[in-house]
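Each residue of the sequence shown is one higher than the one before, counting from 36 in our numbering.
All C-beta atoms in this analysis are idealised placements derived from N, C-alpha and C, irrespective of residue type, glycine included.
Data first, discussion second: the structure below is written as C-alpha cells.
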Amino acid sequence: MQGNAIGVGAGRRLAVVLEHHPELKRSLCDAMIRSGTALVELDLSDNAFGPVVAEGIEKFLKSPSAYSLEVLKLNNNELGAGGKTIAKTLIQCHRNATKDGRTFRLKKFIAGQNRLKNRGAIALARAFKDFF
Numbered sequence: 036m037q038g039n040a041i042g043v044g045a046g047r048r049l050a051v052v053l054e055h056h057p058e059l060k061r062s063l064c065d066a067m068i069r070s071g072t073a074l075v076e077l078d079l080s081d082n083a084f085g086p087v088v089a090e091g092i093e094k095f096l097k098s099p100s101a102y103s104l105e106v107l108k109l110n111n112n113e114l115g116a117g118g119k120t121i122a123k124t125l126i127q128c129h130r131n132a133t134k135d136g137r138t139f140r141l142k143k144f145i146a147g148q149n150r151l152k153n154r155g156a157i158a159l160a161r162a163f164k165d166f167f
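Next comes the structure, spelled out in C-alpha cells:
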C-alpha cells in the first residue's frame, strides 16, 4: 500500500475488512514484501486474532521489508502460544538482517494482554536478549 494516503476513516474500514478475511492479511503482507516496502511501524493491536496472527505475519517478519521495523504493536490480540512463533520469527529476522549486512531496527515491542503464559513470555525475553 506504499504511496497511498489513507485517512483514519478509511483505515478503520480497511481494518474491519481485514479482520474478517485472514487470506487478505497474508496477501497484504506478500504485497509489502514484493514491493520492497520498508515499514517503520506495524500496529495490529486490539484485534482478537488469536495465535493465527503470528502465522499470518511470520513470512513478512522474516523478510527484508521488516528489517526497518522500529515499532511492532501486537497488544490485545490473544496471541497465546503464538508468542513463541513471534519470538522465533523476530530472531530469524534479526539473523536475516545481519546476514544481509543490514540492521534489524526494532526498538519497541508491545504485546500486553495476550495471554502469553510463561512459555510465550520466556521465548520473547530470550529473543530480545539475543538482539538487544
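Assign Leu79 to one of three DSSP states: helix, strand, or coil. Here residue 79 is taken as the residue at index 44 of the sequence shown, counted from 1. Coil at Leu79, not helix or strand.
Buried or exposed, going by whether 16 or more other CB atoms sit within 10 Å of the CB of Ser70? By 1-based counting over the sequence shown, the position of residue 70 is 35. Exposed is the label assigned to Ser70, since fewer than 16 other Cβ atoms lie within 10 Å of its Cβ.
Start-to-end residues for the alpha helix (DSSP H) that takes in Leu125: Residue mapping note: residue 125 aligns to position 90 of the sequence shown, counting from 1. That run of the alpha helix (DSSP H) goes Gly117 to Lys134.
With 16 other CB atoms within 10 Å as the buried threshold, where does Val75 fall? Numbered from its first residue, the sequence shown carries residue 75 at position 40. Val75 is exposed by the Cβ-count criterion.
In three-state DSSP terms, what is Phe166? For this step, residue 166 is matched to residue 131 along the sequence shown. If DSSP states are grouped into helix, strand and coil, Phe166 belongs with the helices.
Euclidean distance between Cα positions of Ala89 and Ile121: Within the sequence shown, residue 89 is the residue found at index 54, counting from 1. Within the sequence shown, residue 121 is the residue found at index 86, counting from 1. C-alpha separation (whole angstroms): 6 Å.
Tell me whether Phe144 sits in a helix, a strand or coil according to DSSP, three-state version. Numbered from its first residue, the sequence shown carries residue 144 at position 109. It is a strand residue.
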